[in-house]
Amino acid sequence: MEREYFTHKGVLFSSPDYSPEELSYVENEFQVRDDDVFNVTYPKSGTNWMLEILSLIRCDGDPGWVRSVLSWDRAPWVEHYLGLEAALKYPSPRLLCSHLPVQLFPKSLKCSKAKIIYTLRCPKDVLVSLYHFSKVLRIFKTPESLDSFLEDFLSGNIVYGSWFDHVTGWLGLKGSKNFFSITYEELQQDPQGSVRRICHFLGKELSEEQVASVVENASFQSMKVNKMSNYSQMSDQLLDHQQGALLRKGICGDWRNHLSEGQSRRFNAIYQERMQGLSMTFPWDCP
Ligand code: A3P
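Residue numbers (the numbering used here): 45 to 331.
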């Protein structure tokens, strides 16, 4: 089924996967619980990798849960109608996912002790990953070309809106006790150290062996062959399995294989303009 797009409070979503009523419910009425842990990302930033890490940490590194329960049942997507239903029935403590920009996130977060883990990734790699995945996931329209997709990405004319708004919005919470951010690149460079930092944030103590088991079982290779985590079980209505897979390359810097010099320069110009207010440095090399 070809998706229709609609704009909700200035952000693009697709129908029937999302609806203005449910998005409003999630923002205004969904009750965040103090012991909720939210895995928040802009799409293609390492959501499923973090979901796997958090699932394994929850089980002290034991892979039993990630090998027996589908990822979207372990951590439902609150803003998606199927995920919302599951989130409402989920017994505490919940592990939940969301791609919502901060202004559309449940308001009840403000007066709760819920923990947010925000993972971000080099936006040029996000762009390339999303370009490929848009041909696979039916929630997104198939891009006409990389050039037109680049323009849509830069202007935020895509589902979940602008990467720049998402990142600057969520990073506004940096410094809050219950907010933790990490990059896909840090996860790649230092998986053990990253898992230890996440555990510290969650108040969870794992032994070196347990940390090693989290890293091993959440690796690209492990997830690629784990039917519970690789989206191979997702329905044909949501995913066109002929067009590709969730676990595509899993590397940093793949944008270099796709963007021309001109496209990269165009990206850099907008990046500079949109990120200048943020006094933070990132592992990627957009100027
Ligand atoms: P690529 O398309 O660049 O390969 P999300 O989970 O947010 O949809 O992000 C998907 C991206 O994360 C894909 O990137 C996918 O390959 C990558 N990914 C998923 N699991 C990973 C893992 N365990 N290690 C490294 N990358 C992973």
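For glycine and all other residues, C-beta sits at the position ideal for the given N, C-alpha and C. None of the values given here were measured: they were computed from a predicted structure.
Run the proximity test for residue i: is its beta-carbon closer than 7 Å to any non-hydrogen atom belonging to ligand 1?
{"i": "Gly-237", "result": "no"}
{"i": "Phe-184", "result": "no"}
{"i": "Asp-106", "result": "no"}
{"i": "Lys-293", "result": "yes"}
{"i": "Gly-200", "result": "no"}
{"i": "Lys-88", "result": "yes"}
{"i": "Thr-91", "result": "yes"}
{"i": "Gln-256", "result": "Just to set this straight, residue 256 is Ala in the shown sequence, not Gln. Ala-256 Cβ: outside cutoff for every heavy atom of ligand 1."}
{"i": "Phe-264", "result": "yes"}
{"i": "His-176", "result": "yes"}
{"i": "Leu-290", "result": "yes"}
{"i": "Asp-78", "result": "no"}
From which residue to which residue does the alpha helix (DSSP H) around residue i run?
{"i": "Ser-266", "result": "264 to 269"}
{"i": "Cys-141", "result": "Premise fails: Cys-141 lies in the beta strand (DSSP E), 139 to 142, not in any alpha helix (DSSP H)."}
{"i": "Phe-245", "result": "235 to 246"}
{"i": "Ser-251", "result": "Counting along the chain, Ser-251 falls outside any alpha helix (DSSP H), and DSSP gives it neither H nor E."}
{"i": "Lys-88", "result": "Segment: none, Lys-88 is in no alpha helix (DSSP H) and carries neither H nor E."}
{"i": "Tyr-175", "result": "167 to 177"}
{"i": "Thr-212", "result": "207 to 215"}
{"i": "Gln-307", "result": "305 to 319"}
Sort the options by Cα distance to residue i and report the nearest one.
{"i": "Ser-189", "options": "Cys-166, Ser-89, Tyr-175", "result": "Tyr-175"}
{"i": "Ser-152", "options": "Glu-96, Gln-232, Phe-74", "result": "Phe-74"}
{"i": "Leu-181", "options": "Phe-326, Ser-99, Asn-312, Ser-58", "result": "Ser-58"}
{"i": "Val-170", "options": "Trp-328, Lys-88, Pro-145", "result": "Lys-88"}
{"i": "Ile-183", "options": "Tyr-204, Leu-198, Val-172, Leu-194", "result": "Tyr-204"}
Can you give me the start and stop residues for the beta strand (DSSP E) that residue i sits inside?
{"i": "Asn-83", "result": "81 to 85"}
{"i": "Ile-160", "result": "159 to 164"}
{"i": "Phe-224", "result": "223 to 227"}
Going by DSSP, name the residue or residues bridged to residue i.
{"i": "His-52", "result": "Val-55"}
{"i": "Trp-328", "result": "Paired residues: none, contrary to the question."}
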